[in-house]
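In UniProt numbering, the protein residues as written are 1 to 396.
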């Protein structure tokens with residue numbers, strides 16, 4: 001289903017999550033031409049950095065609750081946060097999606113407000129470009145996702161979506177343990193690389209995008225790459241992929257949506273570590289769009305867990321939303337959501353395609369969601385996995 005020009009009840013948006021051991025951080029991203037960006041915080045506690053002229057990262061952490069806020073003190077606090085976050089722009093762009101993108105001087109971007117990044121030296125490009133098997137051709141589709149394909153920011157600036165008061169209110173939707181596998185109401189269907197083959201330094205795949213049904217404003221469903229290190233209590237985690245949520249729009253609106261049994265739309269995604277700086281880069285459609293500085297992590301010099309799949313979240317006692325296309329894997333790539341051409345960077349930082357015996361599958365509620373690794377599926381798909389399901393009464 002394609003999104004209309006008006007704001008829909010729900011939309012598929014691009015999402016990047018940094019879950020450092022300090023707090024959770026929700027990212028909001030945009031891309032442009034050759035420049036990258038660093039990222040910025042929405043609330044206090046933890047933040048991230050991106051790069052040079054491509055996107056904002058909106059951070060924040062709170063409990064998954066809804067409430068009524070109308071006090072004068074709260075309004076004053078929100079206005080104070082907005083002044084801190086929305087830096088004076090060099091140029092402003094009104095996008096076709098209805099929001100405003102401010103072009104901020106790269107050296108004045110909000111990422112530098114983070115105490116760990118006061119003296120951070122911006123990295124313009126990875127010191128050594130790590131090539132995954134499926135990342136050899138740049139694709140201009142990324143620009144259209146963020147509304148910057150017609151008008152772009154000047155060189156030396158970072159395009160950051162202007163934050164509004166409602167954005168700060170909606171940021172309270174996200175829980176600081178959103179991807180904690182022990183959290184009630186959260187379910188996963190993922191394929192992981194074996195820990196005994198770690199460390200890992202990158203993960204990639206081409207992900208088909210659907211618009212699964214989400215019934216409540218306090219639910220989400222996502223498909224994502226995952227890279228993680230350390231025990232649960234001190235784990236650092238990065239995820240990158242697609243997210244559907246009725247109450248929170250992350251910035252990158254996807255117009256081309258796959259349909260069950262029909263046309264499939266997919267995008268190349270990757271996360272990889274720069275060998276020199278140890279920063280963690282993300283790439284969309286083979287464009288390096290930004291990175292998370294190594295100083296933000298306490299336990300991410302490498303990764304002992306890497307994988308692909310889906311996640312859903314809903315309050316305790318409610319029915320879970322769909323995952324992927326809303327259908328279980330049946331071997332047909334036009335039915336369930338997929339990651340094809342999956343690859344990873346091994347301990348030698350070389351790109352490899354996973355064999356079945358290098359992987360294991362995690363389905364915590366197989367009657368609701370499933371992931372299946374099919375291995376090699378020909379030149380078009382290479383090594384491929386399918387995941388998803390209808391959700392429903394999945395329990396806690």
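The C-beta atom is built at its ideal place from N, Cα and C for all residues, glycine as well.
Keep in mind that this is a model prediction, so the values were computed, not measured.
### Query
For residue 152, which three-state DSSP category applies?
In the structure shown, residue 152 falls within a coil segment according to DSSP collapsed to helix, strand and coil.
### Query
Nearest-angstrom Cα distance between residue 231 and residue 359?
When rounded, the distance between both Cα atoms is 19 Å.
### Distance, residue 83 Cα to residue 390 Cα
Computed Cα separation, rounded: 43 Å.
### Message
Tell me the rounded alpha-carbon separation between residue 189 and residue 282.
### Response
CA-CA distance, residue 189 to residue 282, rounds to 22 Å.
### Query
Going by alpha carbons, who is nearest to residue 267 out of 275, 114, 151, 258?
When C-alpha distances from residue 267 are compared across 275, 114, 151, 258, the shortest belongs to 258.
### Query
Cβ of residue 372 less than 7 Å from any chain D Cβ?
In the structure shown, chain D does not exist; there is a single protein chain.
### Task
With a threshold of 16 other CB atoms inside 10 Å of the CB of residue 307, please say whether the residue is buried or exposed.
Residue 307 should be labelled buried.
### Query
Is it a yes or a no for the stretch 307-327 touching the stretch 206-217, going by three-plus beta-carbon pairs under 8 Å?
Yes: the two stretches touch, three or more of their Cβ pairs being nearer than 8 Å.
### Message
In this structure, how does DSSP classify residue 299 when only helix, strand and coil are distinguished?
### Response
Residue state, collapsed to three classes: coil.
### Query
Are the beta-carbon atoms of residue 104 and residue 158 separated by less than 7 Å?
Annotated as proximal: residue 104 and residue 158, with beta-carbon spacing under 7 Å.
### Task
Run the CB neighbour count on residue 341, radius 10 Å, all protein chains shown included, and call it buried at 16 or more, exposed below.
Buried.
### Task
Enumerate, from N- to C-terminal direction, the unbroken alpha helix (DSSP H) stretches of 4 or more residues contained entirely within the stretch 72-102.
For secondary structure counted as the alpha helix (DSSP H) over 4 or more consecutive residues, the stretch 72-102 holds these complete runs in sequence order: 72-85.
### residue 393, DSSP secondary structure in three states
Note: residue 393 maps to coil in three-state DSSP.
### Query
Helix, strand or coil: which one does DSSP assign to residue 190?
It is a strand residue.
### Cβ-based neighbour list, residue 376, same chain, cut-off 7 Å, excluding 5 preceding and 5 following
The residues are 382, 383.
### Residues bridged to residue 399 [DSSP beta-bridge criterion]
The requested residue 399 does not occur in the structure, where the chain is confined to residues 1 to 396.
### Query
Would you say residue 343 and residue 351 are within 7 Å of each other, going by their C-beta atoms?
Taking a C-beta distance under 7 Å as the contact criterion, residue 343 and residue 351 qualify as a contact pair.
### Message
Could you tell me which whole beta strand (DSSP E) segments of length 3 or greater appear in the stretch 192-239?
### Response
The beta strand (DSSP E) runs lying completely inside the stretch 192-239 and spanning 3 residues or more are 202-208, 220-229, given in chain order.
### Query
Residues in its own chain within less than 8 Å of residue 356 by CB, not counting five upstream and five downstream?
For residue 356, where only same-chain residues beyond five positions count, the Cβ hits under 8 Å are 373, 375.
### Query
Just curious, the beta strand (DSSP E) that residue 271 is in, first and last residue?
Element bounds for residue 271: 266-273.
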